[in-house]
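Enquirer:
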Amino acid sequence: MKTCLIITGGKLDLDFAGPFCSHHKFDKIIAVDGGLEAVKELGLIPDMIVGDFDTVKTPVLEEFRSLPFIIWDVHEPEKNETDTELALRKAIAYSCTHITILGATGGRFDHMLANVFLLYGCLQQGVEACIIDPQNKIYLIQDGHTFRKSDQWGTYISFLPLLGQIKGITLRGFKYPLNDFDLDAASSRCISNELEEETGTITFRDGVAICVESCDRKEA
Numbered sequence: 000m001k002t003c004l005i006i007t008g009g010k011l012d013l014d015f016a017g018p019f020c021s022h023h024k025f026d027k028i029i030a031v032d033g034g035l036e037a038v039k040e041l042g043l044i045p046d047m048i049v050g051d052f053d054t055v056k057t058p059v060l061e062e063f064r065s066l067p068f069i070i071w072d073v074h075e076p077e078k079n080e081t082d083t084e085l086a087l088r089k090a091i092a093y094s095c096t097h098i099t100i101l102g103a104t105g106g107r108f109d110h111m112l113a114n115v116f117l118l119y120g121c122l123q124q125g126v127e128a129c130i131i132d133p134q135n136k137i138y139l140i141q142d143g144h145t146f147r148k149s150d151q152w153g154t155y156i157s158f159l160p161l162l163g164q165i166k167g168i169t170l171r172g173f174k175y176p177l178n179d180f181d182l183d184a185a186s187s188r189c190i191s192n193e194l195e196e197e198t199g200t201i202t203f204r205d206g207v208a209i210c211v212e213s214c215d216r217k218e219a
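Counting from 0, one number per residue, gives the positions in the sequence shown under numbering that gives the first Met the number 0.
1. Does the segment 28 to 48 come into contact with the segment 7 to 15, if we say contact requires no fewer than three beta-carbon pairs (one atom in each stretch) closer than 8 Å?
2. Looking at the unbroken beta strand (DSSP E) that takes in Phe-146, where does it start and where does it end?
3. May I ask you to report which of helix, strand or coil DSSP gives Tyr-155?
4. Compute the distance between the beta-carbons of Val-73 and Ile-209, then report whether it is under 8 Å.
5. Report the partner residues of Ser-213 according to the DSSP bridge assignment.
6. Do you know how far the Cα of Gly-206 is from the Cα of Asp-142?
7. By alpha-carbon positions, which one of Leu-66, Pro-67, Ser-65 and Cys-121 ends up nearest to Glu-84?
8. Between Asn-79, Gly-105 and Gln-124, which lies nearest to Ile-98 when the distance is taken from Cα to Cα?
9. Hey, how far is the Cα of Phe-173 from the Cα of Lys-78?
10. Identify whether Thr-99 lies in helix, strand or coil by the three-state DSSP scheme.
11. Reducing DSSP to helix, strand and coil, say where Glu-262 ends up.
12. With Asp-14 as the anchor, note down where its alpha helix (DSSP H) starts and where it stops.
13. On the DSSP bridge assignment, give the partners of Pro-160 in chain order.
14. Going by DSSP, what residue range makes up the beta strand (DSSP E) through Thr-57?
15. Between the C-alpha atoms of Cys-189 and Leu-182, what's the straight-line distance to the nearest angstrom?
16. Which residue marks the beginning of the beta strand (DSSP E) containing Gly-50, and which one marks its end?
17. Who are the Cβ neighbours of Glu-196 in its own chain at under 6 Å, not counting the five residues just before and after it?
18. DSSP beta-bridge partners for Leu-182?
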């Protein structure tokens, strides 16, 4: 297993990110554009810095440019991909099998939604990727997954279709079980479920599920 932390340019709660980064070790760290300022505040040294750098303060850029061992992947502002997508490509090129993204929520909704869809490219290549903030852990599931209370990010577990429909959802060990249920994109049926047993499972026949493990703000 080779792990990668990507810190991108959305809103980042440093009070959350600091302890998180202290308790988790990563093989690679990639800073993305404005996320470089958060990297500095967290006292991290990235292996790579990706972006067009239109949102980073010049003194911060110059400080990291003085470190010769950092790889720079510089792009023009006018491009077809977001900086986060480019960073994910680099992480996969590094042969990372597990990617954690911080700073991908809480800012512009179009960027946040695009970041969720970018997880699909990782899933297609067999890479486990998730977006994390103080209230949410967001990742994709194909076929099935087992949940354990001891590993939960928060109280609630929600499922949403990424592409059209999820067919044949069966939930076991949940407060609200399901058996062979087809979930449409226009339905909120699978929002805010909870584990009732120590472990719970989801299985389904077809589709890709967005899974959100979440907590209310007071729990974060």
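Backbone N, C-alpha and C fix where the C-beta goes; we use that ideal spot for every residue, glycine too.
Expert: Well, looking at it:
1. Yes, since at least three Cβ pairs between the segment 28 to 48 and the segment 7 to 15 fall closer than 8 Å, the two stretches touch.
2. As a position in the sequence shown, residue 146 is number 147, starting the count at 1. Residues 143 to 147.
3. One-based indexing of the sequence shown puts residue 155 at position 156. Three-state DSSP puts Tyr-155 in a strand.
4. Taking the sequence shown and counting its residues from 1, one reaches residue 73 at position 74. Taking the sequence shown and counting its residues from 1, one reaches residue 209 at position 210. Result no, Cβ atoms of Val-73 and Ile-209 do not sit closer than 8 Å.
5. To locate residue 213, count along the sequence shown from 1; it is residue 214. Partner(s): Asn-135 and Tyr-155.
6. Taking the first residue of the sequence shown as 1, we reach residue 142 at position 143. Taking the first residue of the sequence shown as 1, we reach residue 206 at position 207. Asp-142 and Gly-206: Cα-Cα distance of roughly 8 Å.
7. If you number the sequence shown from 1, residue 84 lands on position 85. It is Cys-121.
8. Position 99 of the sequence shown, counted from the start, is the residue given in the question as residue 98. It is Gln-124.
9. As a first step, residue 173 must be located in the sequence shown, where it is residue number 174. As a first step, residue 78 must be located in the sequence shown, where it is residue number 79. Distance between the alpha carbons of Phe-173 and Lys-78 is about 44 Å.
10. Numbered from 1 along the sequence shown, position 100 holds the residue referred to as residue 99. Reduced to three states, the DSSP call for Thr-99 is strand.
11. Residue numbering for the chain in the displayed model covers 0 to 219; residue 262 lies beyond these limits and cannot be assessed.
12. Within the sequence shown, residue 14 is the residue found at index 15, counting from 1. Counting along the chain, Asp-14 sits inside the alpha helix (DSSP H) bounded by residues 13 to 22.
13. The residue you call residue 160 lines up with position 161 of the sequence shown. Answer is Ala-208.
14. As a first step, residue 57 must be located in the sequence shown, where it is residue number 58. Segment 57 to 64 is the alpha helix (DSSP H) holding Thr-57; no beta strand (DSSP E) there.
15. In the sequence shown, the residue the question calls residue 189 occupies position 190. In the sequence shown, the residue the question calls residue 182 occupies position 183. Spanning the two alpha carbons is a distance of roughly 8 Å.
16. Position 51 of the sequence shown, counted from the start, is the residue given in the question as residue 50. Start and end: 47 to 50.
17. On the sequence shown, residue 196 is found 197 positions in, with the first residue counted as 1. Excluding residues within five positions, the ones whose Cβ falls inside 6 Å are Gly-172.
18. The residue given as residue 182 occupies position 183 in the sequence shown. DSSP, once it has assigned bridges, lists Ile-165 as partnering Leu-182.
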